[in-house]
Amino acid sequence: MVITENTFDIVSETERLVIRPLKKSDYKDWLTEFENRAPSQHRHDKGKMDMSQCTQVWFNNLIDKHQDLAITDIAHMFAVFRKEDGVHLGMVDFSTLSRGDFQWGRIGYSIHNQYWRKGYAKEAVKEAINIAFNNLKFHRIEAHINLDNTASFNLAKGVGMEYECTRKGFIFEFGEWTDNLVYFKNSFE
């Protein structure tokens, strides 16, 4: 599958949000919101992070890496900004699992914890799925979610994704092979 639209030209807006790839000029806003994170709320929330290595040069290299991943259709990264003031709220990303006869991708999402419980994640993920189908030309999107990540599987259900199965020993994290819930949405639904 060849994506005819350059991922870095994609900009999508909702009532309250702008969803687009990061630009090198976003550095200060991006860094500020990471530095303003609250302490971790649970094991799936990184909370405050050491951002000392995240210089402008480091960030520029990150943007270049995002572009390379998009050009090769390995992954497509989108930042979520609040429309009214441009605050960086978080990220939504897509990894290509298979093209060809499948057109299959995985979605990941993260909203800075200081902006939780305001509906931003649901609004962002719902619009990002539209980007996945309309711009990135995926047919199927999956979310792979830890069994105890209630907020994440509630979000997946809230944007119209359906539970499909539990994959046993699916991903190595937290020092062990963990099970994941699989939620999906197909483009014709």
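The sequence shown begins at 32 in this note's numbering and counts up one residue at a time.
Cβ coordinates follow ideal geometry from the N, Cα and C atoms, glycine included.
query	result
Could you tell me which of R74, D57, Q98 sits nearest to C85, measuring between CA atoms?	D57
Should the segment 87 to 94 be regarded as contacting the segment 118 to 133, the criterion being three or more beta carbon pairs within less than 8 Å?	no
Residue range of the alpha helix (DSSP H) that E158 falls in?	151 to 165
What do you reckon, are the CB atoms on I50 and A163 nearer than 9 Å?	no
Return the Cβ separation of D76 and N144 in integer angstroms, given the expectation that the two are a contact with Cβ distance under 8 Å.	6 Å
Excluding the 5 residues flanking K157 on each side, which residues of the same chain have their C-beta closer than 7 Å to its C-beta?	V190
Write down the C-beta distance between L48 and R113 rounded to the nearest angstrom, noting that I regard them as a contact closer than 8 Å.	7 Å
Give me the residue from F125, L120, Y140, G136 with the minimum Cα distance to K149.	L120
Assuming contact is defined by CB atoms lying nearer than 9 Å, are F39 and A101 in contact in what I supplied?	yes
Keeping to the same chain, check which residues put their C-beta closer than 8 Å to that of I142; ignore five residues upstream and five downstream.	V111, L120, G121, Y151, A152, A155
According to DSSP, which residues form a beta bridge with M122?	A110, S141
Which one or two residues does DSSP pair with C196 in a beta bridge?	V213
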